[in-house]
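**Student:**
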Amino acid sequence: LDLSGSLGKLGQTDDPEVNSMIDLICEKVKAAGILLGTASWPFGPWKKRGLNWIALTSDFASIVSYSKIILSGN
Numbered sequence: 164l165d166l167s168g169s170l171g172k173l174g175q176t177d178d179p180e181v182n183s184m185i186d187l188i189c190e191k192v193k194a195a196g197i198l199l200g201t202a203s204w205p206f207g208p209w210k211k212r213g214l215n216w217i218a219l220t221s222d223f224a225s226i227v228s229y230s231k232i233i234l235s236g237n
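With our numbering as the guide, the letters of the sequence shown map in order to residues 164 to 237.
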């Protein structure tokens with residue numbers, strides 16, 4: 164969402180301009196020899212971009228999940 168927002172299209176992850184920018188970034192990352200990965204769902208469009216890794220959770224999701232456990236007393 165950060166990139167779509169920076170392009171003035173917050174949340175419009177299917178927008179052609181947003182996807183063109185993502186494709187360009189992916190090309191530059193791979194050309195620089197940097198591993199390419201994501202935590203975004205769905206993974207299909209990302210797989211086509213040549214991902215090296217996929218995160219199964221995010222820092223935010225982990226913080227929320229463990230905060231609930233701590234607050235519940237378990």
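We put the beta carbon where it would ideally sit given N, CA and C, even for glycine.
Does the beta-carbon distance from asparagine 215 to leucine 199 come in below 7 angstroms?
**Tutor:** For asparagine 215 and leucine 199, yes; Cβs fall inside 7 angstroms.
**Student:** Please list the terminal residues of the continuous alpha helix (DSSP H) segment that includes leucine 234.
**Tutor:** Looking at the DSSP string, the run of the alpha helix (DSSP H) that includes leucine 234 is 222 to 235.
**Student:** Using only the alpha-carbon positions, how far apart do serine 228 and glycine 236 sit?
**Tutor:** Distance between the alpha carbons of serine 228 and glycine 236 is about 13 angstroms.
**Student:** So for tryptophan 216, helix, strand or coil by DSSP?
**Tutor:** Note: tryptophan 216 maps to strand in three-state DSSP.
**Student:** Assign serine 167 to buried or exposed, taking buried as 16 or more other Cβ atoms, counted over all protein chains shown, within 10 Å of its Cβ.
**Tutor:** Result: buried.
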